[in-house]
Each structure stands twice: as structure tokens, then as C-alpha cells.
Amino acid sequence: MTNQIYPCLWFDGKAQAAATFYCSIFKNSTITADNQMVVTFELNGKKFMGLNAGPQFKFNEAVSFVVDCETQEEIDYYWEKLTANGGSEGQCGWLKDQFGVSWQIVPTILPKLLSDPAKAQKVIQVYMQMKKFNIEQLKNA
């Protein structure tokens, strides 16, 4: 028997709306079970649980979900979709969606650029000025 580990996200009565929203953005995603209290869903094959609770707890940046992106088109897509309908942009690839969940939309090339001692400081200076990552600007740093 394997013990699967997955996040449970506490929503103020909007778990079903959140699951539907996320499944509309990520390919290969589906709602797997739903009742008035709990909705379980998979995003790209990863299991999540949404709990309809109350306003006692709010999301914050202490927990975020990272989306690795190969291309600028992917970055633009996830950035646009996740900030829609009341989401907000943050710095350095961070954003919050309309439910207050934090996401990091990150180019997969970033670790390689940061591991180059000759470029790392320039790359950091460039991305510290960004909200949404721009791959070409990072490469040209």
C-alpha cells in the first residue's frame, strides 16, 4: 500500500468554483469527486482536495504552487489565466489567483542561467525587476 500525499486547500465556500477554474486551465485535469463539503480534483495527474470551510483561514505566500514553463507562450498562458477574474500580479514570477492561492510561473531555463557564475548576478538583477518572467530578457542579461 502506498500513502499518497496531496494538498488540501481551505476555501471559504468556493472549493467547487476553484476546482472548476483550475481544471479549465491545466490540461489533463478533472474533478474526481464532489459533495457539498469536499471536492477532489487532479491537475496534470496530481491530486488536490478542496475543502469548503469558513473564513477563519486565508491563503498566503507561505505555500505556493510552481508551474514550470518551457516557453514564453506557456508563461504568458498561465499568467493570463491565473490572474484573470480578480487575481493579482506579484514580483519575480509570483501571482495570486482569484481565490488568493499563490503560484510561481517559472521558466525551466532559470536554474541553468543562475548556475552560470558569469551571468547569475545579472540574471538576478533583471528578474528582480520583473513581475511576469520574460525568457529573452533573462537570456540576454
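Here the sequence shown stands for residues 10 to 150, where the numbers follow the numbering used here.
Note that beta-carbon positions come from the ideal geometry of N, C-alpha and C, so glycine has one too.
Note that the structure is a prediction, hence the values are computed from the model and not measured.
*From Lys105 to Asp125, what distance separates their C-alpha atoms?*
One C-alpha to the other measures close to 30 Å.
*If you compare alpha carbons, which of Ile84, Gln134, Ser111, Lys56 is closest to Lys67?*
If we check each option's Cα against that of Lys67, Ser111 comes out closest.
*Quick one: any contact between the segment 136-148 and the segment 73-82, if contact means 3 or more CB pairs under 8 Å?*
yes
*Classification of Ile114 by the beta-carbon crowding that lies within 10 angstroms, buried from 16 upward*: buried
*Could you spell out the range, first to last residue, of the beta strand (DSSP E) harbouring Asp43?*
Asp43 -> beta strand (DSSP E) spans 39-43.
_7 Å CB neighbourhood of Gly22 in its chain, flanking five on each side removed_ = Asn61
*So, using beta-carbon positions, are Met58 and Leu18 closer together than 8 Å?*
Taking 8 Å as the Cβ cut-off, Met58 and Leu18 qualify as a contacting pair.
*Beta-carbon separation of Asp85 and Thr117 under 8 Å?*
no
*Is the shortest distance between the beta-carbon of Thr49 and the beta-carbons of chain C less than 8 Å?*
The displayed structure is made up of one protein chain only, and chain C is not part of it.
*Among all the DSSP beta bridges, which residues are the ones paired with Ile114?*
Val76
_Where Val48 falls, given that 16 or more other Cβ within 10 Å makes a residue buried_ = buried
*So which of Leu52, Gln45, Lys36, Ser33 has the shortest CA-CA distance to Pro16?*
Pro16 has its Cα closest to that of Leu52, out of Leu52, Gln45, Lys36, Ser33.
*DSSP beta-bridge partners for Val132?*
Val132 is not bridged to any residue.
*Per DSSP, what kind of secondary structure is Ser33 in: helix, strand or coil?*
Helix at Ser33.
_Please report the distance separating the alpha-carbon of Lys128 from that of Ser97._
The alpha-carbon atoms of Lys128 and Ser97 are separated by roughly 30 Å.
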